[in-house]
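Trainee: Take this structure, written in structure tokens, and hold onto it; I'll ask about it next.
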Amino acid sequence: MRADARKNRDHLLAVAGAAITEQGVDVSLRDIARRADVGLATLLRHFPTREALLEALLRTSFDELTAKADELDASTSSPEVALVSWVRDCVAWTTEYRGVTVLMAAAIEDADSALHASCVTLRAAGARLLTRAQDAGMARNDIDGDDLFALIAMLAWLGDQPSLAPRADHLFDVVASAILTSAGHSVTERESSPRAGS
15 MRADARKNRD HLLAVAGAAI TEQGVDVSLR DIARRADVGL ATLLRHFPTR
65 EALLEALLRT SFDELTAKAD ELDASTSSPE VALVSWVRDC VAWTTEYRGV
115 TVLMAAAIED ADSALHASCV TLRAAGARLL TRAQDAGMAR NDIDGDDLFA
165 LIAMLAWLGD QPSLAPRADH LFDVVASAIL TSAGHSVTER ESSPRAGS
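Using this note's numbering, the final residue of the sequence shown is 212, and nothing's skipped along the way.
Listed below in structure tokens is the structure:
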């Protein structure tokens, strides 16, 4: 890609990121083009669909979350603590772009979606952490990577609702507790409690 084309693309992504942060993923593509001071055709030449635009915008975040999962999987952290920490990071990230989880929930089932591959990779990353916690007896065995992905989407949706946002942290803890076994609860509670004398 030529330097000027790369510069134009980066400019469009920066403008799109600001617009989506303000208005959510349903912001008009025409409005994004107007803010970027280009025609809609120019925007669509770089990003043919809304999902293609989002995939490019979120690529770094997807890669960072996947890398974080790999790091936690290879670490000496307690499996259940690693799992809950990663889920919390995923939910926190989605709050930056209101409505993105609705698109991700659809994209995971649509192989033609520009977001599909990234969502599949993210789901697999979470599944590895879940399996590690299950093998250690710290997470329930009746849930899988699909369930975990759906729970993340659900928690993110709750955080998007103004009337429920004040309860988001509490609801996260409720759902996290439902994922873990009683053994997992005791370890996460112990590791999250203030250390004696601190």
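Here a beta-carbon is modelled for each residue, glycine too, at the ideal position from N, C-alpha and C.
Comparing the CB of Asp149 with every heavy atom of the ligand SAM, is any distance shorter than 7 Å?
Mentor: In the structure on display, the ligand SAM does not appear, and there are no ligands present to speak of.
Trainee: For the alpha helix (DSSP H) holding Ala179, just list the boundary residues, first then last.
Mentor: Here Ala179 belongs to no alpha helix (DSSP H), and DSSP marks it neither H nor E.
Trainee: Determine the DSSP secondary structure at Leu129, reduced to helix, strand or coil.
Mentor: Residue state, collapsed to three classes: coil.
Trainee: Between the beta-carbon of Leu86 and the beta-carbon of Leu143, is there less than 8 Å?
Mentor: It is a contact, given that the beta carbons lie within the stated cut-off.
Trainee: Between Arg64 and the rest of its own chain, which residues show a CB-CB distance below 7 Å, the 5 nearest in sequence each way excluded?
Mentor: Closer than 7 Å at Cβ, skipping near neighbours: Leu43.
Trainee: Pairing CB atoms from the stretch 76 to 94 with CB atoms from the stretch 45 to 60, are three or more of them under 8 Å?
Mentor: No, because fewer than three Cβ pairs between the stretch 76 to 94 and the stretch 45 to 60 fall closer than 8 Å, the two stretches do not touch.
Trainee: Just how far apart, CA to CA, sit Arg154 and Asp187?
Mentor: Their Cα atoms are separated by approximately 16 Å.
Trainee: Would Thr115 and Gly151 be called neighbours here (beta carbons separated by less than 8 Å)?
Mentor: Result no, Cβ atoms of Thr115 and Gly151 do not sit closer than 8 Å.
Trainee: Tell me, which residues are paired with Leu194 by DSSP?
Mentor: Beta-bridge pairing links Leu194 to Ala153.
Trainee: Please report the straight-line C-alpha distance between Thr56 and Ala139, rounded to a whole angstrom.
Mentor: Spanning the two alpha carbons is a distance of roughly 35 Å.
Trainee: Roughly how far, in whole angstroms, is the beta-carbon of Glu94 from the beta-carbon of Ala164, given that I think they are within contact range, below 8 Å?
Mentor: With a Cβ gap of about 19 Å, Glu94 and Ala164 do not count as contacting.
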